[in-house]
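Colleague: Pasting a structure below so you can have a look.
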Amino acid sequence: MGIIELENIELYAHHGCFETERVVGNKFLVQARLVADCSRAAQSDCIDDALNYQTVYDIIEREMKIPSALLEHVTQRILNALFAEFPQQLQEARITVSKIAPPLRGHVQRASVTLEKQAP
Numbered sequence: 247m248g249i250i251e252l253e254n255i256e257l258y259a260h261h262g263c264f265e266t267e268r269v270v271g272n273k274f275l276v277q278a279r280l281v282a283d284c285s286r287a288a289q290s291d292c293i294d295d296a297l298n299y300q301t302v303y304d305i306i307e308r309e310m311k312i313p314s315a316l317l318e319h320v321t322q323r324i325l326n327a328l329f330a331e332f333p334q335q336l337q338e339a340r341i342t343v344s345k346i347a348p349p350l351r352g353h354v355q356r357a358s359v360t361l362e363k364q365a366p
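Position in the sequence shown (first residue = 1) + 246 = the working numbering.
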């Protein structure tokens with residue numbers, strides 16, 4: 247097994263419970279930690295044998311473009327989409343979605359939700 251991490255993916259999206267958040271949008275950071283069988287790719291040096299990082303990024307970007315009221319919802323969608331794309335390779339995944347400077351009463355650097363999923 248191997249661990250693949252995409253760190254600090256910065257995206258602009260329209261998630262939030264408040265209408266202004268869904269209209270104006272905000273910056274988000276996404277962390278992806280994927281546990282996968284990397285043995286074939288390690289031997290072959292061939293992208294066709296790897297869990298393609300660009301595909302992972304594209305899935306995250308696509309799901310982040312769909313507005314959600316809750317970070318939990320978008321995070322779960324990302325997990326589900328990753329397992330659908332890589333059913334043979336992906337063993338487990340942890341996704342963290344962070345809203346930068348959320349509109350709370352006090353100064354908060356970011357609000358984050360982390361969800362994990364394992365292959366059945």
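We treat Cβ as the ideally placed atom computed from N, Cα and C, and that holds for glycine.
Go ahead and pull the three-state DSSP assignment for Asn-272.
Modeller: Here Asn-272 sits in strand by DSSP.
Colleague: Going residue by residue through the segment 281-323, where are the continuous alpha helix (DSSP H) segments of at least 4 residues, counting only ones entirely within it?
Modeller: Within the segment 281-323, the complete alpha helix (DSSP H) runs of at least 4 residues are 285-290 and 299-310.
Colleague: Compute the distance between the beta-carbons of Ala-282 and Asp-295, then report whether it is under 8 angstroms.
Modeller: Result no, Cβ atoms of Ala-282 and Asp-295 do not sit closer than 8 angstroms.
Colleague: According to the neighbour-count rule (16 or more other Cβ atoms, all chains shown, within 10 Å of its Cβ), is Ala-278 buried or exposed?
Modeller: It counts as buried.
Colleague: Which residue marks the beginning of the beta strand (DSSP E) containing Gly-262, and which one marks its end?
Modeller: No beta strand (DSSP E) holds Gly-262; DSSP gives it neither H nor E.
Colleague: Are Lys-345 and Arg-356 touching if we call contact CB-CB under 8 angstroms?
Modeller: A contact, by the Cβ cut-off of 8 angstroms.
Colleague: Tell me the DSSP secondary structure of Leu-328 in three-state form.
Modeller: If DSSP states are grouped into helix, strand and coil, Leu-328 belongs with the helices.
Colleague: Three-state secondary structure (DSSP) at Ala-365?
Modeller: Coil at Ala-365, not helix or strand.
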